[in-house]
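K.L.:
In full-length UniProt numbering, the protein residues as written are 1 to 439. Can you keep this structure in mind? I'll have questions shortly.
Right, here's the structure in full:
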(Lines of atoms letter the chains of each structure in order from A and count residues from 1; the text may use other names and numbers.)
(Lines give C-alpha, C1' and ligand atoms only; values in the text may rest on other atoms or scores of the structure.)
Protein backbone atom coordinates (compact mmCIF):
# COMPACT_ATOMS: atom_id res chain seq x y z
CA UNK A 1 0.00 0.00 0.00
CA UNK A 2 1.38 3.38 -1.00
CA UNK A 3 1.76 5.88 1.79
CA UNK A 4 2.62 9.51 0.95
CA UNK A 5 5.88 10.69 2.34
CA UNK A 6 5.46 12.74 5.45
CA UNK A 7 6.78 16.25 5.18
CA UNK A 8 8.51 17.99 7.98
CA UNK A 9 6.18 20.32 9.82
CA UNK A 10 8.88 22.95 9.75
CA UNK A 11 9.28 22.91 6.00
CA UNK A 12 5.80 24.18 5.20
CA UNK A 13 5.96 27.58 6.88
CA UNK A 14 9.33 28.39 5.32
CA UNK A 15 8.21 27.38 1.83
CA UNK A 16 4.93 29.21 2.15
CA UNK A 17 6.71 32.29 3.44
CA UNK A 18 9.21 32.16 0.59
CA UNK A 19 6.44 31.75 -1.94
CA UNK A 20 4.46 34.66 -0.57
CA UNK A 21 7.53 36.86 -0.50
CA UNK A 22 8.26 36.00 -4.11
CA UNK A 23 4.72 36.95 -5.10
CA UNK A 24 4.05 40.09 -3.08
CA UNK A 25 7.46 41.69 -2.63
CA UNK A 26 7.67 44.89 -4.68
CA UNK A 27 10.26 45.37 -7.40
CA UNK A 28 13.47 47.04 -6.35
CA UNK A 29 14.67 50.03 -8.35
CA UNK A 30 18.26 49.93 -9.44
CA UNK A 31 20.69 52.22 -11.19
CA UNK A 32 21.62 51.58 -14.81
CA UNK A 33 24.10 53.71 -16.76
CA UNK A 34 23.83 56.40 -14.13
CA UNK A 35 20.60 57.93 -15.41
CA UNK A 36 17.83 55.41 -16.05
CA UNK A 37 15.88 53.58 -13.36
CA UNK A 38 15.11 49.94 -14.10
CA UNK A 39 13.07 47.56 -12.01
CA UNK A 40 14.12 44.04 -11.25
CA UNK A 41 11.55 41.38 -12.06
CA UNK A 42 9.88 39.21 -9.45
CA UNK A 43 10.97 35.67 -8.83
CA UNK A 44 8.46 33.26 -10.28
CA UNK A 45 6.84 36.17 -12.13
CA UNK A 46 5.45 33.96 -14.83
CA UNK A 47 3.59 31.70 -12.42
CA UNK A 48 1.06 34.20 -11.08
CA UNK A 49 -1.41 36.49 -12.87
CA UNK A 50 -1.03 38.97 -10.01
CA UNK A 51 2.71 39.14 -10.55
CA UNK A 52 2.34 39.51 -14.29
CA UNK A 53 -0.17 42.33 -13.80
CA UNK A 54 2.10 44.14 -11.36
CA UNK A 55 5.09 43.68 -13.64
CA UNK A 56 3.17 45.08 -16.64
CA UNK A 57 1.98 48.04 -14.56
CA UNK A 58 5.51 48.71 -13.37
CA UNK A 59 6.78 48.71 -16.93
CA UNK A 60 3.98 51.09 -17.94
CA UNK A 61 4.87 53.41 -15.08
CA UNK A 62 8.51 53.25 -16.13
CA UNK A 63 7.57 54.20 -19.70
CA UNK A 64 5.44 57.06 -18.40
CA UNK A 65 8.33 58.24 -16.23
CA UNK A 66 10.68 58.21 -19.20
CA UNK A 67 8.12 60.07 -21.34
CA UNK A 68 7.61 62.73 -18.67
CA UNK A 69 11.39 63.11 -18.33
CA UNK A 70 11.58 63.63 -22.08
CA UNK A 71 8.85 66.28 -21.95
CA UNK A 72 10.58 68.08 -19.07
CA UNK A 73 13.86 68.01 -20.98
CA UNK A 74 12.14 69.34 -24.10
CA UNK A 75 10.54 72.20 -22.17
CA UNK A 76 13.86 73.03 -20.55
CA UNK A 77 15.53 73.06 -23.95
CA UNK A 78 12.74 75.20 -25.43
CA UNK A 79 13.02 77.72 -22.59
CA UNK A 80 16.74 77.99 -23.23
CA UNK A 81 16.54 78.60 -26.98
CA UNK A 82 13.87 81.29 -26.60
CA UNK A 83 10.97 82.37 -28.78
CA UNK A 84 13.10 82.91 -31.87
CA UNK A 85 14.54 79.42 -31.63
CA UNK A 86 11.08 77.92 -31.25
CA UNK A 87 9.85 79.88 -34.26
CA UNK A 88 12.59 78.59 -36.54
CA UNK A 89 13.13 75.22 -34.84
CA UNK A 90 11.67 71.82 -35.67
CA UNK A 91 7.92 72.08 -36.08
CA UNK A 92 8.00 75.89 -35.93
CA UNK A 93 6.31 78.20 -38.39
CA UNK A 94 9.44 80.12 -39.33
CA UNK A 95 10.62 77.78 -42.07
CA UNK A 96 7.24 77.43 -43.84
CA UNK A 97 6.61 81.18 -43.67
CA UNK A 98 10.00 81.99 -45.18
CA UNK A 99 9.40 79.44 -47.94
CA UNK A 100 5.99 80.95 -48.70
CA UNK A 101 7.33 84.51 -48.82
CA UNK A 102 10.23 83.57 -51.09
CA UNK A 103 7.94 81.56 -53.39
CA UNK A 104 5.34 84.33 -53.66
CA UNK A 105 8.02 86.94 -54.36
CA UNK A 106 9.63 84.78 -57.04
CA UNK A 107 6.32 84.04 -58.77
CA UNK A 108 5.31 87.72 -58.60
CA UNK A 109 8.59 88.67 -60.27
CA UNK A 110 8.43 85.99 -62.97
CA UNK A 111 4.77 86.72 -63.80
CA UNK A 112 5.26 90.51 -64.03
CA UNK A 113 2.88 91.10 -61.13
CA UNK A 114 0.03 88.95 -62.45
CA UNK A 115 0.36 86.46 -59.61
CA UNK A 116 -0.65 89.00 -56.93
CA UNK A 117 -3.49 90.55 -58.93
CA UNK A 118 -6.91 90.57 -57.29
CA UNK A 119 -8.50 88.25 -59.84
CA UNK A 120 -5.75 85.67 -59.45
CA UNK A 121 -5.84 85.77 -55.65
CA UNK A 122 -9.60 85.24 -55.70
CA UNK A 123 -9.08 82.32 -58.05
CA UNK A 124 -6.54 80.79 -55.65
CA UNK A 125 -8.96 81.15 -52.74
CA UNK A 126 -11.76 79.50 -54.68
CA UNK A 127 -9.65 76.59 -55.96
CA UNK A 128 -7.82 75.68 -52.77
CA UNK A 129 -10.52 76.14 -50.15
CA UNK A 130 -11.58 72.50 -50.50
CA UNK A 131 -8.02 71.10 -50.06
CA UNK A 132 -7.70 73.34 -46.99
CA UNK A 133 -10.86 71.87 -45.46
CA UNK A 134 -9.70 68.31 -46.10
CA UNK A 135 -6.24 69.15 -44.74
CA UNK A 136 -7.76 70.23 -41.42
CA UNK A 137 -9.14 66.75 -40.83
CA UNK A 138 -5.88 65.22 -42.05
CA UNK A 139 -3.98 67.31 -39.49
CA UNK A 140 -5.91 65.82 -36.58
CA UNK A 141 -5.35 62.30 -37.89
CA UNK A 142 -1.61 62.74 -38.41
CA UNK A 143 -1.23 64.29 -34.94
CA UNK A 144 -2.51 60.97 -33.55
CA UNK A 145 0.28 59.19 -35.51
CA UNK A 146 -2.20 58.04 -38.16
CA UNK A 147 -2.82 58.82 -41.81
CA UNK A 148 -5.98 58.97 -43.92
CA UNK A 149 -5.64 58.14 -47.60
CA UNK A 150 -9.41 58.06 -48.13
CA UNK A 151 -10.32 61.74 -47.65
CA UNK A 152 -10.60 62.47 -51.39
CA UNK A 153 -12.67 59.33 -52.02
CA UNK A 154 -14.90 60.24 -49.09
CA UNK A 155 -15.41 63.71 -50.54
CA UNK A 156 -16.45 62.20 -53.88
CA UNK A 157 -18.85 59.67 -52.33
CA UNK A 158 -20.48 62.27 -50.07
CA UNK A 159 -21.02 64.65 -52.99
CA UNK A 160 -22.52 61.85 -55.10
CA UNK A 161 -24.87 60.77 -52.30
CA UNK A 162 -26.00 64.36 -51.84
CA UNK A 163 -26.51 64.79 -55.59
CA UNK A 164 -28.47 61.56 -56.01
CA UNK A 165 -30.73 62.31 -53.05
CA UNK A 166 -31.55 65.73 -54.46
CA UNK A 167 -31.71 65.16 -58.22
CA UNK A 168 -33.10 61.60 -58.37
CA UNK A 169 -34.85 60.86 -55.07
CA UNK A 170 -36.35 64.34 -54.79
CA UNK A 171 -35.36 65.20 -51.22
CA UNK A 172 -34.99 68.78 -50.06
CA UNK A 173 -31.67 70.56 -50.37
CA UNK A 174 -30.77 70.68 -46.68
CA UNK A 175 -31.79 67.06 -46.10
CA UNK A 176 -29.68 65.93 -49.05
CA UNK A 177 -26.71 67.88 -47.66
CA UNK A 178 -27.22 66.29 -44.24
CA UNK A 179 -27.21 62.79 -45.74
CA UNK A 180 -24.02 63.63 -47.62
CA UNK A 181 -22.28 64.76 -44.42
CA UNK A 182 -23.51 61.65 -42.59
CA UNK A 183 -21.96 59.55 -45.36
CA UNK A 184 -18.57 61.10 -44.68
CA UNK A 185 -18.95 60.60 -40.94
CA UNK A 186 -19.83 56.94 -41.54
CA UNK A 187 -16.69 56.40 -43.62
CA UNK A 188 -14.57 58.03 -40.92
CA UNK A 189 -16.21 55.90 -38.23
CA UNK A 190 -15.54 52.71 -40.20
CA UNK A 191 -11.91 53.72 -40.70
CA UNK A 192 -11.46 54.36 -36.99
CA UNK A 193 -13.17 51.10 -36.04
CA UNK A 194 -11.07 49.00 -38.41
CA UNK A 195 -7.85 50.63 -37.22
CA UNK A 196 -8.51 50.46 -33.47
CA UNK A 197 -10.62 47.32 -33.06
CA UNK A 198 -9.24 45.11 -35.81
CA UNK A 199 -5.67 46.36 -35.32
CA UNK A 200 -5.22 47.08 -39.02
CA UNK A 201 -2.41 49.61 -39.67
CA UNK A 202 -3.66 53.09 -40.54
CA UNK A 203 -1.96 53.09 -43.92
CA UNK A 204 -3.43 49.73 -44.98
CA UNK A 205 -6.93 50.44 -43.65
CA UNK A 206 -7.28 53.83 -45.31
CA UNK A 207 -5.62 52.60 -48.51
CA UNK A 208 -8.34 49.95 -48.73
CA UNK A 209 -10.97 52.59 -48.01
CA UNK A 210 -9.43 54.82 -50.68
CA UNK A 211 -10.20 52.17 -53.31
CA UNK A 212 -13.46 50.82 -51.89
CA UNK A 213 -15.12 54.18 -51.22
CA UNK A 214 -14.37 55.54 -54.68
CA UNK A 215 -15.64 52.27 -56.13
CA UNK A 216 -18.92 52.71 -54.25
CA UNK A 217 -19.20 56.26 -55.62
CA UNK A 218 -18.80 54.94 -59.17
CA UNK A 219 -21.30 52.14 -58.53
CA UNK A 220 -24.11 54.35 -57.27
CA UNK A 221 -23.63 56.77 -60.18
CA UNK A 222 -22.98 54.10 -62.87
CA UNK A 223 -19.94 56.17 -63.77
CA UNK A 224 -22.09 59.11 -64.92
CA UNK A 225 -21.86 62.64 -63.53
CA UNK A 226 -24.59 63.99 -61.28
CA UNK A 227 -27.09 65.21 -62.32
CA UNK A 228 -27.61 62.34 -64.73
CA UNK A 229 -30.19 63.90 -67.02
CA UNK A 230 -31.42 60.48 -68.10
CA UNK A 231 -32.80 59.70 -64.63
CA UNK A 232 -32.74 63.06 -62.84
CA UNK A 233 -35.83 65.03 -61.98
CA UNK A 234 -36.22 67.73 -64.66
CA UNK A 235 -34.83 71.09 -63.64
CA UNK A 236 -32.74 69.82 -60.71
CA UNK A 237 -28.95 70.13 -60.65
CA UNK A 238 -27.41 70.89 -57.26
CA UNK A 239 -29.22 72.25 -54.17
CA UNK A 240 -29.43 76.02 -54.13
CA UNK A 241 -27.64 76.27 -50.79
CA UNK A 242 -24.75 74.21 -52.16
CA UNK A 243 -24.48 76.38 -55.27
CA UNK A 244 -24.49 79.52 -53.13
CA UNK A 245 -21.77 78.30 -50.79
CA UNK A 246 -19.65 76.84 -53.55
CA UNK A 247 -19.77 79.46 -56.29
CA UNK A 248 -21.07 82.78 -54.92
CA UNK A 249 -19.01 85.57 -53.36
CA UNK A 250 -19.47 88.00 -50.50
CA UNK A 251 -17.96 91.10 -52.03
CA UNK A 252 -14.63 90.07 -53.52
CA UNK A 253 -14.23 87.08 -51.18
CA UNK A 254 -15.67 83.69 -52.23
CA UNK A 255 -18.12 82.25 -49.70
CA UNK A 256 -16.39 78.88 -49.98
CA UNK A 257 -13.23 80.55 -48.63
CA UNK A 258 -15.19 81.98 -45.69
CA UNK A 259 -16.52 78.50 -44.88
CA UNK A 260 -12.96 77.17 -45.02
CA UNK A 261 -11.76 79.85 -42.59
CA UNK A 262 -14.58 79.01 -40.17
CA UNK A 263 -13.61 75.33 -40.22
CA UNK A 264 -9.94 76.25 -39.72
CA UNK A 265 -10.86 78.27 -36.63
CA UNK A 266 -13.02 75.41 -35.35
CA UNK A 267 -10.11 73.00 -35.78
CA UNK A 268 -7.79 75.36 -33.93
CA UNK A 269 -10.24 75.59 -31.02
CA UNK A 270 -10.60 71.80 -30.85
CA UNK A 271 -6.85 71.24 -30.89
CA UNK A 272 -5.82 74.01 -28.50
CA UNK A 273 -8.78 74.71 -26.22
CA UNK A 274 -10.52 71.38 -25.61
CA UNK A 275 -9.83 68.15 -23.75
CA UNK A 276 -10.16 66.24 -27.01
CA UNK A 277 -7.30 68.25 -28.51
CA UNK A 278 -5.02 67.47 -25.58
CA UNK A 279 -5.93 63.81 -25.85
CA UNK A 280 -5.19 63.79 -29.57
CA UNK A 281 -1.70 65.15 -28.92
CA UNK A 282 -1.08 62.76 -26.03
CA UNK A 283 -2.27 59.72 -27.98
CA UNK A 284 0.04 60.58 -30.86
CA UNK A 285 3.04 61.46 -28.70
CA UNK A 286 3.10 58.36 -26.49
CA UNK A 287 0.11 56.04 -26.65
CA UNK A 288 1.24 53.85 -23.73
CA UNK A 289 1.78 56.81 -21.42
CA UNK A 290 -1.62 58.17 -22.48
CA UNK A 291 -3.26 54.87 -21.53
CA UNK A 292 -1.58 54.89 -18.13
CA UNK A 293 -2.85 58.45 -17.65
CA UNK A 294 -6.41 57.21 -18.21
CA UNK A 295 -6.92 58.36 -21.81
CA UNK A 296 -8.94 56.08 -24.06
CA UNK A 297 -6.53 56.04 -26.99
CA UNK A 298 -8.80 53.98 -29.23
CA UNK A 299 -11.77 56.32 -28.79
CA UNK A 300 -9.49 59.31 -29.37
CA UNK A 301 -8.26 57.94 -32.71
CA UNK A 302 -11.84 57.14 -33.74
CA UNK A 303 -12.80 60.77 -33.05
CA UNK A 304 -9.91 61.95 -35.24
CA UNK A 305 -11.01 59.81 -38.19
CA UNK A 306 -14.64 60.76 -37.60
CA UNK A 307 -13.81 64.47 -37.84
CA UNK A 308 -11.65 63.85 -40.92
CA UNK A 309 -14.55 62.05 -42.61
CA UNK A 310 -16.96 64.87 -41.78
CA UNK A 311 -14.59 67.53 -43.10
CA UNK A 312 -14.04 65.50 -46.26
CA UNK A 313 -17.80 65.33 -46.81
CA UNK A 314 -18.18 69.09 -46.38
CA UNK A 315 -15.32 69.70 -48.80
CA UNK A 316 -16.79 67.37 -51.41
CA UNK A 317 -20.23 68.97 -51.18
CA UNK A 318 -18.74 72.46 -51.56
CA UNK A 319 -16.73 71.28 -54.56
CA UNK A 320 -19.92 69.94 -56.12
CA UNK A 321 -21.51 73.35 -55.57
CA UNK A 322 -18.57 75.11 -57.22
CA UNK A 323 -18.65 72.77 -60.24
CA UNK A 324 -22.47 72.45 -60.24
CA UNK A 325 -21.89 68.72 -60.65
CA UNK A 326 -20.64 65.65 -58.81
CA UNK A 327 -19.02 62.43 -59.98
CA UNK A 328 -17.19 59.44 -58.59
CA UNK A 329 -13.82 60.61 -59.92
CA UNK A 330 -13.82 64.11 -58.45
CA UNK A 331 -10.98 65.34 -56.20
CA UNK A 332 -8.29 63.17 -57.83
CA UNK A 333 -5.08 62.77 -55.78
CA UNK A 334 -6.30 65.35 -53.27
CA UNK A 335 -5.41 63.02 -50.40
CA UNK A 336 -1.74 63.40 -51.36
CA UNK A 337 -2.15 67.18 -51.50
CA UNK A 338 -3.54 67.24 -47.97
CA UNK A 339 -0.75 65.03 -46.60
CA UNK A 340 1.86 67.20 -48.32
CA UNK A 341 0.30 70.37 -46.90
CA UNK A 342 0.21 68.98 -43.37
CA UNK A 343 3.84 67.87 -43.53
CA UNK A 344 4.96 71.15 -45.13
CA UNK A 345 3.31 72.96 -42.24
CA UNK A 346 5.53 71.20 -39.70
CA UNK A 347 3.24 68.46 -38.36
CA UNK A 348 5.30 65.41 -37.43
CA UNK A 349 4.37 62.21 -39.25
CA UNK A 350 5.31 60.34 -36.06
CA UNK A 351 2.45 62.12 -34.28
CA UNK A 352 2.17 64.14 -31.10
CA UNK A 353 3.01 67.49 -32.67
CA UNK A 354 1.27 69.76 -35.15
CA UNK A 355 -0.13 73.22 -35.79
CA UNK A 356 -3.28 74.30 -37.58
CA UNK A 357 -1.51 77.47 -38.73
CA UNK A 358 1.27 75.37 -40.20
CA UNK A 359 -1.21 73.38 -42.27
CA UNK A 360 -2.73 76.62 -43.59
CA UNK A 361 0.73 77.77 -44.67
CA UNK A 362 1.39 74.37 -46.25
CA UNK A 363 -1.79 74.63 -48.32
CA UNK A 364 -0.83 78.18 -49.31
CA UNK A 365 2.60 76.97 -50.49
CA UNK A 366 1.10 74.24 -52.67
CA UNK A 367 -1.62 76.58 -53.97
CA UNK A 368 0.90 79.27 -54.88
CA UNK A 369 3.21 76.77 -56.55
CA UNK A 370 0.48 75.18 -58.69
CA UNK A 371 -1.14 78.48 -59.63
CA UNK A 372 2.14 80.23 -60.36
CA UNK A 373 3.44 77.45 -62.60
CA UNK A 374 0.12 77.48 -64.43
CA UNK A 375 0.43 81.24 -65.05
CA UNK A 376 3.95 80.71 -66.36
CA UNK A 377 2.65 78.10 -68.81
CA UNK A 378 4.47 75.16 -67.23
CA UNK A 379 3.03 71.73 -68.00
CA UNK A 380 0.94 70.12 -65.27
CA UNK A 381 3.32 67.16 -65.30
CA UNK A 382 6.16 69.44 -64.24
CA UNK A 383 3.89 70.86 -61.55
CA UNK A 384 3.59 67.38 -60.04
CA UNK A 385 7.37 66.96 -60.21
CA UNK A 386 7.96 70.32 -58.51
CA UNK A 387 5.43 69.55 -55.77
CA UNK A 388 7.05 66.19 -55.04
CA UNK A 389 10.58 67.61 -54.94
CA UNK A 390 9.55 70.45 -52.61
CA UNK A 391 7.80 67.99 -50.30
CA UNK A 392 10.81 65.65 -50.04
CA UNK A 393 13.24 68.52 -49.44
CA UNK A 394 11.08 70.08 -46.74
CA UNK A 395 10.57 66.77 -44.92
CA UNK A 396 14.30 66.02 -45.08
CA UNK A 397 15.12 69.45 -43.66
CA UNK A 398 12.52 69.06 -40.92
CA UNK A 399 13.88 65.65 -39.92
CA UNK A 400 17.39 67.10 -39.77
CA UNK A 401 16.20 69.88 -37.47
CA UNK A 402 14.36 67.36 -35.27
CA UNK A 403 17.50 65.26 -34.88
CA UNK A 404 19.46 68.33 -33.82
CA UNK A 405 16.68 69.28 -31.40
CA UNK A 406 16.67 65.76 -29.97
CA UNK A 407 20.42 65.86 -29.38
CA UNK A 408 20.09 69.18 -27.57
CA UNK A 409 17.27 67.80 -25.43
CA UNK A 410 19.28 64.75 -24.41
CA UNK A 411 22.37 66.83 -23.68
CA UNK A 412 20.39 69.28 -21.56
CA UNK A 413 18.50 66.54 -19.71
CA UNK A 414 21.50 64.46 -18.60
CA UNK A 415 22.70 66.54 -15.59
CA UNK A 416 19.25 66.91 -13.95
CA UNK A 417 18.62 63.19 -14.36
CA UNK A 418 21.93 62.30 -12.67
CA UNK A 419 21.25 64.66 -9.83
CA UNK A 420 17.76 63.29 -9.33
CA UNK A 421 18.94 59.69 -9.37
CA UNK A 422 21.71 60.50 -6.96
CA UNK A 423 19.19 61.96 -4.54
CA UNK A 424 16.89 58.96 -4.79
CA UNK A 425 19.56 56.33 -4.48
CA UNK A 426 21.42 58.12 -1.74
CA UNK A 427 18.47 58.45 0.58
CA UNK A 428 18.23 62.22 0.29
CA UNK A 429 21.86 63.28 -0.18
CA UNK A 430 22.11 65.04 -3.50
CA UNK A 431 25.91 65.13 -3.41
CA UNK A 432 26.32 61.47 -2.55
CA UNK A 433 28.37 59.59 -5.17
CA UNK A 434 26.55 57.00 -7.24
CA UNK A 435 28.10 53.79 -8.47
CA UNK A 436 27.15 53.59 -12.15
CA UNK A 437 28.10 49.97 -12.31
CA UNK A 438 25.91 48.86 -9.43
CA UNK A 439 23.10 46.58 -10.34
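For glycine and all other residues, C-beta sits at the position ideal for the given N, C-alpha and C.
1) Give the secondary structure of residue 323 by DSSP, where H, G and I count as helix, E and B as strand, and everything else as coil.
2) Please go through the same chain and pick out, in chain order, the residues whose beta-carbon is closer than 7 Å to the beta-carbon of residue 144, but skip the five residues on each side of it.
3) Is the distance from the Cβ of residue 157 to the Cβ of residue 214 below 9 Å?
4) Name the residue from 166, 146, 176, 239 whose alpha carbon lies nearest to the alpha carbon of residue 200.
5) May I ask you to list the residues that DSSP assigns as paired with residue 254?
6) Alpha carbon to alpha carbon, how far is residue 277 from residue 293? Give it in angstroms, no decimals.
7) Within a Cβ cutoff of 8 Å, which residues of the same chain sit near residue 365, ignoring the five residues on either side of it in sequence?
8) I want to see whether chain E comes within less than 9 Å of residue 324, judged by CB atoms only; does it?
9) How is residue 295 classed by DSSP in three states: helix, strand or coil?
10) Assuming residue 443 and residue 245 form a contact by the criterion Cβ under 8 Å, report the distance between their Cβ atoms to the nearest whole angstrom.
11) Are residue 135 and residue 330 close, meaning C-beta to C-beta below 9 Å?
12) Could you tell me the distance, in whole angstroms, from the CA atom of residue 381 to the CA atom of residue 218?
13) Would you say the stretch 164 to 176 touches the stretch 237 to 255, given that touching needs at least three Cβ pairs under 8 Å?
14) By alpha-carbon positions, which one of 369, 406, 338 ends up nearest to residue 105?
15) Helix, strand or coil: which one does DSSP assign to residue 226?
16) According to DSSP, simplified to helix, strand and coil, what is residue 153?
17) Which term fits residue 396, buried or exposed, when burial requires 16 or more other beta carbons within 10 angstroms of its beta carbon?
18) Compute the Euclidean distance between the alpha carbons of residue 212 and residue 372, then round it to the nearest angstrom.
19) Using alpha carbons as the reference points, say which of 346, 130, 398 lies closest to residue 93.
20) From which residue to which residue does the alpha helix (DSSP H) around residue 357 run?
21) If the criterion is Cβ atoms closer than 9 Å, does the pair residue 356 and residue 221 meet it?
22) So, using beta-carbon positions, are residue 194 and residue 317 closer together than 9 Å?
23) When you compare each of 107, 250, 224, 114 to residue 325 by their alpha carbons, which one comes out closest?
24) Taking DSSP as the reference, what is the three-state secondary structure of residue 114?
25) In whole angstroms, what separates the C-alpha of residue 307 from that of residue 270?
26) Would you tell me roughly how many angstroms separate the C-alpha atoms of residue 184 and residue 159, rounded to the nearest one?
27) With 16 as the cutoff for other CB atoms within 10 Å, does residue 252 come out buried or exposed?
28) Taking the C-alpha atoms as reference points, what is the distance between residue 399 and residue 164?
29) So for residue 199, helix, strand or coil by DSSP?
30) How would you write the range of the alpha helix (DSSP H) that residue 341 sits in, first residue to last?
31) Could you tell me the boundaries of the alpha helix (DSSP H) in which residue 276 lies?
32) Buried or exposed for residue 169, going by 16 or more other Cβ atoms inside 10 Å?
33) Decide if residue 388 is buried, meaning its Cβ has at least 16 other Cβ atoms within 10 Å, or exposed.
34) Here's the rule I'm using: 16 or more other beta-carbon atoms within 10 Å means buried, otherwise exposed. How should residue 335 be labelled?
35) Looking at the structure shown, is residue 347 part of a helix, part of a strand, or coil, going by DSSP?
P.N.:
Well, looking at it:
1) helix
2) 280, 283, 284, 300, 301, 304, 351
3) yes
4) 146
5) 249
6) 15 Å
7) 96, 99, 100, 103, 341, 344, 390
8) Structure shown: chain E not included; a single protein chain is present.
9) coil
10) The structure shown does not extend to residue 443, since the chain is modelled only from 1 to 439, so the question has no answer here.
11) no
12) 26 Å
13) yes
14) 369
15) strand
16) helix
17) exposed
18) 34 Å
19) 346
20) 356 to 375
21) no
22) no
23) 224
24) coil
25) 11 Å
26) 9 Å
27) exposed
28) 45 Å
29) coil
30) 334 to 344
31) 275 to 285
32) exposed
33) exposed
34) buried
35) coil
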